[in-house]
Amino acid sequence: MRVRRFIVFVGVAAAVAVMAATAAARVNRVHTTTVTFWDAYSAGGGEVKTLDNVIIPGFEKTHPGIVVKDVSVPYDDLHQKLVTAVAGSQLPDLVRSDIIWVPELAHLGVLAPLDKVMPDFKPLSAKVFPGPLATNYWKGHYYGLPLDTNTRIFNYNPAGLEAIGAAGPPKTFAQLVSMSAQAKAKGYDLYAESGTSCWNVCPWIWSNGGSVTNSTYTKATGYLNGPKSIAAIQMLVNLYKAGEMPGIMVNSNAGLGTYDGINQNKYVATLDGPWMNAIFSAAYPKTQVAGALIPAGAGGSVSVVGGEDIVMTNASKNKTAALTFLRYMLGYGSQAQMALAGQMPVLKSSSAWLTRVHPYYATYVKQLATAKPRTPTPKWTQIDQVITTDVAKAFQGEPVQQALTDAAHQIDGLLK
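Heads up: the sequence shown is residues 7 to 422, going by this note's numbering.
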């Protein structure tokens with residue numbers, strides 16, 4: 007198996023051999039244009055090395071008139087650096103932006119609408135997953151393109167399922183409810199969640215056919231407090247009140263964290279992203295995890311989109327060169343190299359080869375096909391805090407309809 011895995015990795019890498027061949031050094035030559043690219047790739051992982059030693063040299067070799075200056079900024083500092091740069095008019099050409107920042111930056115007038123300045127935006131955007139693409143939309147235009155992505159799936163411990171007498175993970179809301187009671191009888195919590203933000207609860211709302219707002223992101227009343235949204239949260243509240251979910255849903259000190267709980271055979275499953283596999287293999291080598299789609303409700307199986315987008319600033323004086331590098335970052339070669347470094351690609355075509363890089367990606371690719379973005383708005387941070395606070399009240403005893411109605415009214419004010 008190790009030999010086969012090695013061969014697969016070599017096969018993917020060979021597809022971008024032209025890029026890799028330039029990784030040793032950059033050739034000194036006269037350049038006419040410098041493109042500055044700010045990002046928050048993890049210095050502790052392989053992303054920065056891949057970008058600086060493989061992708062950028064490969065781009066510069068095939069585009070001899072352009073130099074790319076990569077500026078890596080810690081994630082916690084990048085947002086502040088961008089806001090500060092706006093005031094000082096010192097913005098870069100391109101930014102790898104968290105998906106939740108794009109509407110805010112677009113609202114501030116920082117970003118160029120790519121669907122207006124890129125003649126090939128439509129065919130290029132058709133190549134990426136629709137959920138990640140939607141994170142770039144703000145008031146009628148797309149201000150970026152997805153660069154890397156992730157989503158949450160139903161990650162579970164197969165041994166835990168066996169211990170509660172289950173043949174497999176729940177596929178529907180009804181099975182989630184019945185298996186939760188079955189797990190409690192064996193001393194387990196079937197599903198553990200550690201918060202009430204949209205990242206935590208929106209997959210259940212969407213899977214039941216509910217929503218946070220209308221399709222134009224202008225109104226929450228009638229949607230977040232609509233019958234399908236209420237029913238989804240009520241299902242979770244019922245499980246919690248029955249003692250079939252751990253207290254960490256509303257109090258992080260009320261039990262083991264999700265990972266520790268799964269490792270210690272207290273919890274069977276949680277919703278999480280592709281990083282969970284790597285963490286478990288390193289921290290809990292004796293505990294296996296597997297993935298399944300989120301149990302389906304009336305709206306199907308729908309999860310939440312995470313990841314980063316690539317955007318171009320209006321301040322860029324090198325827009326043609328910047329867009330050339332942007333296209334390169336969305337090419338198969340760059341996406342495949344970043345997949346080898348641990349970044350989940352955004353190309354729909356990646357479903358044909360991504361599992362050869364990491365087999366566990368198969369379920370994430372399927373889940374991404376229907377995944378949805380958190381509401382793209384510059385006020386998202388405040389909106390998410392409203393959801394977090396008011397949904398928690400429902401778990402603490404307030405009627406679900408009242409809690410979601412209060413939240414919807416507050417969000418309506420933030421969407422104006």
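Note that beta-carbon positions come from the ideal geometry of N, C-alpha and C, so glycine has one too.
Per-residue burial, TYR4 [other beta carbons within 10 Å of its own, 16 or more giving buried]
There is simply no residue 4 to check, as the chain begins at 7 and stops at 422 in what is shown.
Candidates ASN271, LEU242 and LEU130: closest to GLY423 by CA position:
A question about residue 423 goes unanswered here, because the residues of the chain that appear run from 7 up to 422.
Outcome for ASP126 when other beta-carbon atoms lying within 10 angstroms are tallied against a minimum of 16
Residue numbering aside, residue 126 sits at position 120 when the sequence shown is read from its first letter. Burial call: exposed.
Taking the alpha carbon of VAL41 as the reference point, which residue from VAL274, ILE62, SER48 and TYR162 has its own alpha carbon closest?
Indexing the sequence shown from 1 puts residue 41 at position 35. Checking every option, the nearest Cα to that of VAL41 belongs to ILE62.
Give the secondary structure of ALA172 by DSSP, where H, G and I count as helix, E and B as strand, and everything else as coil.
Reading the sequence shown from its first residue, position 166 is the one you call residue 172. Coil, per DSSP.
Anticipated Cβ contact below 8 Å, GLY52 with GLY348, distance rounded
Here residue 52 refers to the residue found at position 46 when the sequence shown is read from its first residue. Here residue 348 refers to the residue found at position 342 when the sequence shown is read from its first residue. In this structure GLY52 touches GLY348 by the C-beta definition: roughly 6 Å separates them, less than 8 Å.
Measuring straight from C-alpha to C-alpha, what distance separates GLY174 and GLY312?
In the sequence shown, counting from the first residue as 1, residue 174 sits at position 168. In the sequence shown, counting from the first residue as 1, residue 312 sits at position 306. If I take the Cα positions, the gap works out to 27 Å.
In terms of DSSP beta bridges, what is PHE43 paired with?
In the sequence shown, counting from the first residue as 1, residue 43 sits at position 37. ASP76 and LEU100, per the DSSP bridge assignment.
Going by DSSP, what residue range makes up the alpha helix (DSSP H) through GLU110?
Residue 110 sits at position 104 when you count from the first residue of the sequence shown. Element bounds for GLU110: 108-113.
Evaluate ALA31 with the Cβ neighbour count: other Cβ atoms within 10 Å of its Cβ, from every protein chain shown; 16 or more gives buried, anything less gives exposed.
Walking along the sequence shown from the start, residue 31 turns up at place 25. With a pLDDT of 44 at ALA31, under the threshold of 50, the predicted position of this residue should be treated as unreliable, though the coordinate-derived value follows. The residue in question, ALA31, is exposed, as its Cβ has fewer than 16 Cβ neighbours within 10 Å.
Can you give me the start and stop residues for the alpha helix (DSSP H) that ILE316 sits inside?
Mapped onto the sequence shown, residue 316 falls at position 310. Counted as a single uninterrupted DSSP element, the stretch harbouring ILE316 is not any alpha helix (DSSP H) but the beta strand (DSSP E) occupying residues 311-318.
Of the residues LEU151, GLY215 and PRO152, the one placed nearest ALA302, counting alpha carbons only:
As a working mapping, residue 302 is identified with position 296 in the sequence shown. For ALA302, the nearest C-alpha among the options comes from GLY215.
Straight-line CA distance for TRP44 to PRO98?
Start at 1 with the first residue of the sequence shown, and residue 44 comes out as number 38. Start at 1 with the first residue of the sequence shown, and residue 98 comes out as number 92. Cα to Cα, TRP44 sits roughly 7 Å from PRO98.
Determine the closest residue to MET4 out of GLY306, SER48, THR39 and VAL60, with distance taken between C-alpha atoms.
This structure cannot settle anything about residue 4, because the visible part of the chain is limited to 7 through 422.
What first and last residue would you give for the alpha helix (DSSP H) that runs through ILE300?
Here residue 300 refers to the residue found at position 294 when the sequence shown is read from its first residue. In the DSSP assignment, ILE300 falls outside any alpha helix (DSSP H), carrying neither H nor E.
Using DSSP bridges, identify the partner residues of PHE160.
As a first step, residue 160 must be located in the sequence shown, where it is residue number 154. Beta-bridge analysis with DSSP links PHE160 to LEU277 and ALA298.
Whose C-alpha, out of PRO379, ALA187 and LEU262, is nearest the C-alpha of LYS247?
Here residue 247 is taken as the residue at index 241 of the sequence shown, counted from 1. Of the candidates PRO379, ALA187 and LEU262, the one whose C-alpha sits nearest the C-alpha of LYS247 is ALA187.
Boundaries (first-last residue) of the beta strand (DSSP E) holding LEU196
Along the sequence shown, read from residue 1 onward, the residue named residue 196 stands at position 190. If you look at LEU196, you'll find it in the beta strand (DSSP E) that goes 195-197.
Three-state secondary structure (DSSP) of TRP144:
Here residue 144 is taken as the residue at index 138 of the sequence shown, counted from 1. Correct three-state label for TRP144: strand.
Would you call ILE389 buried or exposed, if buried means 16 or more other Cβ atoms sit within 10 Å of its Cβ?
Residue 389 sits at position 383 when you count from the first residue of the sequence shown. It counts as buried.
Would PHE156 pass as a contact of PRO280 if the rule is Cβ separation under 7 Å?
Taking the sequence shown and counting its residues from 1, the one referred to as residue 156 is at position 150. Taking the sequence shown and counting its residues from 1, the one referred to as residue 280 is at position 274. The sequence given here has Asn at residue 156, not Phe. Cβ distance < 7 Å, so ASN156 and PRO280 count as in contact.
With the cut-off set at 7 Å, would you say VAL310 and CYS208 are in Cβ contact?
Translated into the one-based positions of the sequence shown, residue 310 becomes position 304. Translated into the one-based positions of the sequence shown, residue 208 becomes position 202. In contact: VAL310 and CYS208 (Cβ atoms closer than 7 Å).
Using alpha carbons as the reference points, say which of ALA169, LEU117 and ASP154 lies closest to ALA46.
Here residue 46 corresponds to residue number 40 of the sequence shown, with the count starting at 1. Ranking ALA169, LEU117 and ASP154 by Cα distance to ALA46 puts ASP154 first.
C-alpha gap between GLN407 and ILE211, whole angstroms
Taking the sequence shown and counting its residues from 1, one reaches residue 407 at position 401. Taking the sequence shown and counting its residues from 1, one reaches residue 211 at position 205. C-alpha separation (whole angstroms): 13 Å.
My guess is that GLY146 and VAL317 are in contact by the Cβ rule of under 8 Å, so how many angstroms apart are they, rounded?
Reading the sequence shown from its first residue, position 140 is the one you call residue 146. Reading the sequence shown from its first residue, position 311 is the one you call residue 317. Not really, about 16 Å apart at Cβ, beyond 8 Å.
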